[in-house]
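Numbering (the numbering used here), first residue to last: 31 to 242.
We put the beta carbon where it would ideally sit given N, CA and C, even for glycine.
Predicted model only: the values in this text are computed from it and were never measured.
Just below is one structure, and these are the notes that go with it.
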Amino acid sequence: MRIGILGSGLMGGKLGTIFARAGHEVVFSYARSTKKLETLARKAGKNARAGTPPEAAHRADALLLAVHWSQIDDVLQQTGDLSDKVVVTCSMPMNDDDTDLAITHTSSGAEELAKKIPKARIVSAFNTVPSEVLFGVYEARRKAARPSLIYCGDDLRSKRLAAELIRDVGFDPVDAGPLRIARYAEPFTMLVAQLAYEGKGGPELAYRFERF
Ligand SMILES: NC(=O)c1ccc[n+]([C@@H]2O[C@H](COP(=O)([O-])OP(=O)(O)OC[C@H]3O[C@@H](n4cnc5c(N)ncnc54)[C@H](OP(=O)(O)O)[C@@H]3O)[C@@H](O)[C@H]2O)c1
C-alpha cells in the first residue's frame with residue numbers, strides 16, 4: 031500500500047518505519063523540520079521518503095493520523111481534501127497540557143474527527159498501545175498467540191485495510207465494532223498509558239495488559 035504519515039513523531043515515526051520495512055510505500059510528513067522527516071525516511075529504508083502533507087495524501091491508500099489533538103485542524107487544513115481517503119487515526123483527544131481527555135463518554139476523538147472530515151473513511155487503531163512496544167512487537171511477529179489490538183470504524187474498506195496494517199506490525203487485529211466504540215477505547219487507552227508511564231513496570235506492564 032501507499033501510506034501517508036501525518037505527524038511523524040513517536041507514533042507516526044515508528045509506525046511509518048515499520049510499514050516501510052513491511053514493504054509498504056511510506057511518505058513521512060508533518061514535523062517541525064524537514065530534516066527530521068528526511069532522517070526518518072533514510073533510516074526507514076528504500077520504501078520511505080519525506081514529503082508535505084498534500085504529498086503524503088496524494089494517491090495514498092491510507093493515511094495515518096498521529097498528531098496531538100491541538101494540531102488536528104492545522105494538519106487537516108494543510109493536507110487538503112480527504113474525500114474518500116482511508117484515515118487511520120491513533121490521535122487521542124487530549125487537552126492542551128496532556129492531563130486528560132478533552133472529549134469523552136458521549137463522543138470520542140475518532141467520532142469528532144469523522145465530523146470534521148465527513149467524506150473520509152475513518153478507522154480508529156493503534157491508539158491503545160504505547161509507542162515503546164511497537165518495534166518489539168514487529169521484530170517478534172509471533173506466529174501464534176500474538177498480542178491483540180482493537181480497531182473500530184463504520185467503513186468496511188478502511189477496516190479491512192487497518193486490519194492488514196495491524197497484522198503487518200505483528201498484532202492480531204480485533205474488530206471492536208463501529209466508530210462510536212472509540213468512546214470506550216480511548217478511556218481504556220488512558221488506563222494503558224497510566225500503566226505505561228506512571229505504574230510500576232513501565233511499558234512492559236502496559237503491553238502485558240494490552241495482551242490480556
Ligand atoms: N506516543 C504514544 O505512545 C501514543 C500512544 C497512543 C496514542 N498516541 C497519540 O498519537 C498522537 C501522536 O502522539 P505522539 O506521541 O507520536 O506525538 P509526538 O511525538 O509529539 O508527534 C507529533 C508530531 O506532530 C508534529 N508537530 C507538532 N506540532 C507541529 C507543528 N506546529 N507543525 C508541524 N508539525 C508539528 C511533531 O513534530 P516534531 O517531530 O518536530 O516534534 C511530531 O512529528 C497523539 O494524539 C497521541 O495522543 C500516542
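| Asked | Found |
| --- | --- |
| Suppose contacts are defined by Cβ-Cβ distances below 8 Å. Is Pro208 in contact with Cys182 by that definition? | yes |
| Taking a contact to mean a Cβ-Cβ separation below 8 Å, would you say Ala140 touches Ala212 in this structure? | yes |
| So, for Lys65: in the same chain, excluding its five sequence neighbours on each side, which residues have a beta-carbon less than 8 Å away from its beta-carbon? | none |
| Residues in the same chain with beta-carbon distance under 8 Å from Val105, minus the five sequence neighbours each way, listed in chain order, please. | Leu36, Gly37, Tyr60, Pro83, Leu95 and Val97 |
| Taking 8 Å as the threshold (C-beta atoms), are Gly34 and Ala86 in contact? | yes |
| Please determine, among Ala78, Glu169 and Met124, the residue with the shortest C-alpha to C-alpha distance to Gly53. | Ala78 |
| Quick one: residues in its chain with C-beta nearer than 6 Å to the C-beta of Gly20, no 5 flanking neighbours on either side, listed in chain order? | Only positions 31 to 242 of the chain appear in the structure, and residue 20 is not among them; the question remains open. |
| For Val116, which residues in the same chain have their Cβ closer than 6 Å to its Cβ, ignoring the five residues on either side in sequence? | Ala92, Arg151, Ser188 and Leu191 |
| Say yes only if the C-beta of Gly110 is nearer than 7 Å to one or more non-hydrogen atoms of ligand 1, and no if none qualify. | no |
| What are the start and end residues of the beta strand (DSSP E) that includes Gly46? | Careful: Gly46 lies outside any beta strand (DSSP E), inside the alpha helix (DSSP H) at Leu40 to Arg51. |
| I'd like to confirm something about Tyr168: is its beta-carbon nearer than 7 Å to some heavy atom of ligand 1, or not? | no |
| Taking only three categories from DSSP, how would you classify Pro203? | strand |
| Among Arg89, Phe218 and Lys76, which has the Cα closest to the Cα of Ile180? | Phe218 |
| Closer than 7 Å by C-beta to His135: which residues in its own chain qualify, once you throw out the five before and the five after it? Chain order, please. | Arg213 |
| Report whether the distance from the Cβ of Asn77 to the nearest heavy atom of ligand 1 is below 7 Å. | no |
| Asp127 and Ser100 - do their beta-carbons sit closer together than 8 Å? | no |
| Residues in its own chain within less than 6 Å of Ile147 by CB, not counting five upstream and five downstream? | Leu112 |
| Considering only residues of the same chain and omitting the five flanking positions on each side of Tyr168, which have a CB-CB separation below 7 Å? | Ile48, Val199 and Gly200 |
| Who pairs with Ile211 in a beta bridge, going by DSSP? | In the DSSP output, where bridge partners are listed per residue, Ile211 has none listed. |
| Taking 7 Å as the line, does the beta carbon of Ser63 fall inside it for any heavy atom of ligand 1? | yes |
| Note the first and the last residue of the continuous alpha helix (DSSP H) segment covering Arg72. | Thr64 to Ala74 |
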